[in-house]
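Quick note: the sequence shown, position 59, residue 59 per full-length UniProt numbering, numbers continuous. Okay, so here's the structure we're looking at.
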Amino acid sequence: MKRDASASRKTRWSRRRLALKTLQWCNPIAWWLALRRSMTGGSVTLLLIGIVSLNIVWGYPWMGMFASCVAMFVVGWIINRLMSPRLKVALDVPLAVRAGESFVARISLIHEGRLPAMSLCAGLDHSRRKHGRRDIEMPLDASAMQWVPDIAPGATTTIEQSLTFLRRGVHEMPPVRIESLFPFHLFRSTQWLDSGESMVITPRRLDWDSEMAWQMIHASLRGLAVGLSQGDHQHYVGSLEYRAGMPVRRWDFASWARLGRPILREFNSAAKQTVTVFIDTTPVESDAAVTPMSRWRRYADDEDASLERLLSIASAGLETLVGANVQVRLVVPWQAPSVIQSQERNGKLRSVLCEGASDPTPLLMALAEAEPVDADTAQEVLHAMPQAGGTFHGVVFSRREREAADLSHLPDLMWLNINEDSRDSFGNTAVSSIDNDATKVLA
C-alpha cells in the first residue's frame, strides 16, 4: 500500500511539472520578453523597415519589401535559437592572489554541440555575481566582450581577461557570459555559464614606505633569523678528521695546525629551526585613532582597516622569515581555506607549516579568511603555543600591548605591536621601540 501511495504521488508531481512546463512554453508573454531581450540593432532596423513598407500614408503597401523583412526576421530568429552553442567553461586561475593586484584568468570554451558555434562574444560578467559585486574591479579594455569567430564541434578556444579582487577572502569567480550573434547580428542569444572556480585572495601587499612600524619589525625578524642560523654552531660535541665527501660546516684550524691533517668540528643541533607564529587579531578600542586613514585605503564601509593593516604587516613578516631560511609554523584559530594541504590539527586549532626558503603562499592563504578573535581565544592559543622538547621560538603579531596578555609561561616570546607609537628621533629617521629585542629572545 505504501509503495502504491508513493507511486501515485510521484505520478501526480510529474503531471504537475509537465503542465507547468507546457504553460511556460505556451506563454505568449514569455515569448515576447525572450524576443525583446534577443533583439539587436539589426533586427530593430529590419522591423522598422517592415513597418515603413506597409506605406500606411499612401495606402499602397510594398508587399515584396514587407514579405522579405518578415521572412528575414522570423527565419533569423529561428536560426539564432537553433544555432545557440552548447559550451562548457573551464577557468585557469592562480592558486592565490593578493588583494588589489590584477591577474589574468584564462577562459577555455569547450564546444559540446553537433553544429558549429559562430559569431560569439564571450567574457567574464562580474555584474552577475550573487555576492560581492563591488569586490571585483575590471579595466575597461578587459571588461569588454571578446570576439570569437567560430568554434568547431568538439574544439576548444581560449581567451584571457584580467581582473582584480579588492577584498581578501575566498571568492567565487564570476560566470562567463556568452552571446551568439548568428546570423548577420540580427538576434542575440545569451547564456551565463558558471565554472565553479574559487579564488583565494590574501591580504594586501604592505606599503613599505609609509609604514614606519614595519621597519623596526623587519629589523627584529631579520635579527631573529640571523640568530637562529648562528645558533646551529653553539652545540659543539667534538672534532673529526676530514674525509672526501663529508659535509663541511666549520673547520677546526687549531687541531689542523697541530695534527697536520684537516679536522672538522661536529655539532648536534639541527640545521633548521622552527618559529611558531600567531597573529593576534583581538581588537582594541584605539584602533581607529592609531590607523591613519590617509595611508590605508578603506574599500568598503564594513571593512576593518586596522585588521587589514595587521594582516598585511604579518604577511610581510612571514615572507621575511621564510625568505631567511627559517621554518615557520603559523597557528590558525579561524577557518583556513580547504585548498591548503600542509595543515596540522591540535584540538580546535590548525597550524600551517612552511619550510624555510620555500614558497610562503600557504601561509598567506591561511590569512585569507582571518577574522577578529576574542581575548579568551587568543589566550588559549598562547597557552597552546609551547611545544614539548627543544628550544621554543615564538612570534606574535598583535594590535594589543604585551601587558594585555598573560605571558608568564612564555618569557622569551617576541611580541610585535603594530600600533606602537613611541618613536625616538635618531638623526632624521623615526625609530619605533618594540617590546622584545631579537637579542633578548635568543638569550
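The C-beta atom is built at its ideal place from N, Cα and C for all residues, glycine as well.
Item: Cα-Cα separation between L95 and W415, rounded to whole angstroms; Value: 31 Å
Item: Candidates W62, L82, C69 and A336: closest to L48 by CA position; Value: C69
Item: Rounded separation between G64 and A71 - CA only; Value: 11 Å
Item: Inter-stretch contact (C-beta, 8 Å, three-pair minimum) for the segment 76-85 and the segment 115-131; Value: yes
Item: Top-ranked residue by Cα proximity to T282, from H409, L240, T276 and N419; Value: N419
Item: T202 beta carbon less than 8 Å from that of L307; Value: no
Item: Residue environment, S422, which counts as buried when at least 16 other CB atoms sit within 10 Å; Value: Caution applies to S422, whose pLDDT of 40 falls short of 50 and renders its modelled position unreliable; the value that the coordinates give is listed next. So S422 counts as exposed.
Item: DSSP state of R350 mapped onto helix, strand, coil; Value: strand
Item: Integer-rounded CB distance, given that Q161 should sit under 8 Å from A105; Value: 6 Å
Item: Coil, strand or helix - N417 by DSSP; Value: strand
Item: Contact set for R329: own chain, Cβ-Cβ below 6 Å, skip 5 residues either direction; Value: T274, T276, S351 and L353
Item: DSSP state of I340 mapped onto helix, strand, coil; Value: coil
Item: Residues that DSSP places opposite D207 in a beta bridge; Value: DSSP lists no partner for D207.
Item: Inter-residue Cα distance where the pair is residue 451 and R128; Value: Look at the range of the chain in this structure, 1 to 443, and you will see that residue 451 is not part of it.
Item: Sequence ranges, beta strand (DSSP E) only - wholly within the segment 100-174, length at least 3; Value: 102-111, 117-124, 146-151, 156-165 and 169-172
Item: W192 - containing beta strand (DSSP E), residue span; Value: S189 to L193
Item: Helix, strand or coil at W13 [DSSP, three-state]; Value: helix
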